[in-house]
Amino acid sequence: MKKILFIFILFFLSIGFSSQALACKCELLDTSDAYSKADVVFSGIVASFFDREGSEQVYKDAEFVVYDSWKGNDNDPRIVTVGTSVGSSMCGYSFTEGKEYLIYATITEDGKMYTSTCDGTKLLSESENEQEVLEKIQYETANTPAEAIPVLPEIDTVIDPSSEKTEPSSNGTLVIGMAIIGVLAIGLLIGTIFYFSKKK
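Everything in the sequence shown is counted per our numbering, starting at 4 for the first residue and increasing by one.
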C-alpha cells in the first residue's frame with residue numbers, strides 16, 4: 004500500500020514539474036520596449052478567431068477591425084489578421100470574439116502578423132494609461148526633425164574669435180611694412196644729402 008501511495012505521489016509530482024517546464028516564460032516589457040520590439044502596434048476589436056488552415060491546429064488567426072494605429076500600419080487597413088500560437092505553453096494569446104485589445108505584433112518571414120503573451124498584447128480596457136504613452140512615443144518619433152542631428156561645420160568656415168584679437172590681419176601687416184620701408188627710405192635720403200653736403 005505504501006509503495007502504491009509513493010508511486011502516486013511521484014506521478015503527481017512529475018506532472019507538476021512537467022507542466023512548469025512547459026509553461027510559457029517571458030520577460031515583462033514596459034510600453035517603450037514593447038513598442039520598439041513590435042513591427043505593428045494597434046487597437047481593435049476581434050471580428051473572428053479561427054484555426055489557421057494547414058497549421059494542424061498549432062496556430063490560430065484573429066481578424067481585427069482596427070480602431071487606432073501607432074506603428075507599422077502605414078496603409079491604414081481597417082481589417083487585419085494576426086496569428087498566435089495555440090496553448091499557453093507556446094505563449095499563445097487566447098482571443099475572444101467581440102472583445103477589444105491592444106496589439107503588439109511582429110511580422111514573420113512570410114509577411115504575416117504574429118503576437119503572443121510575451122509581446123505586451125492585452126485587453127484594451129487594461130491599457131488606458133498605456134495608450135497615452137503610445138501617443139507620446141508616436142508624436143516624438145514623428146516629430147524628430149533631421150536638423151536635430153548635429154552637423155559639424157566645414158573647417159574653412161570655422162572662425163576662432165580669439166584669433167581675431169591676437170593676430171593682425173594681412174592688410175594691417177602690409178601697411179606696417181610699407182610704413183617701415185618709407186621711414187628707412189626717408190632716413191637713407193636724408194643721410195645721403197647730409198653726406199654729400201659735408202663733402203662739399
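Just so it is clear, CB atoms sit at the ideal spot from N, CA and C, and this is done for glycine as well.
- Comparing alpha carbon positions, the residue from 184, 196, 132 and 118 closest to residue 44 is 118.
- Excluding five sequence positions before and after residue 37, the CB atoms of its chain that fall closer than 7 Å to its own CB belong to 107, 122 and 123, given in chain order.
- If you ignore the 5 residues before and after residue 33, its C-beta comes within less than 7 Å of no other C-beta in its own chain.
- In summary, residue 65 is buried, with 16 or more beta-carbon neighbours lying within 10 Å of its beta-carbon over all protein chains present.
- Across the set 68, 71, 86 and 128, the C-alpha of 86 shows the shortest separation from the C-alpha of residue 112.
- Note on the stretch 71-101: whole beta strand (DSSP E) runs with a minimum of 3 residues are 82-88, in chain order.
- Residue 46 sits close to residue 127, with the two beta carbons spaced by under 9 Å.
- Excluding its 5 nearest sequence neighbours in each direction, residue 109 has C-beta neighbours in its own chain below 8 Å: 40, 41, 42, 43, 116, 117, 118 and 122, listed in chain order.
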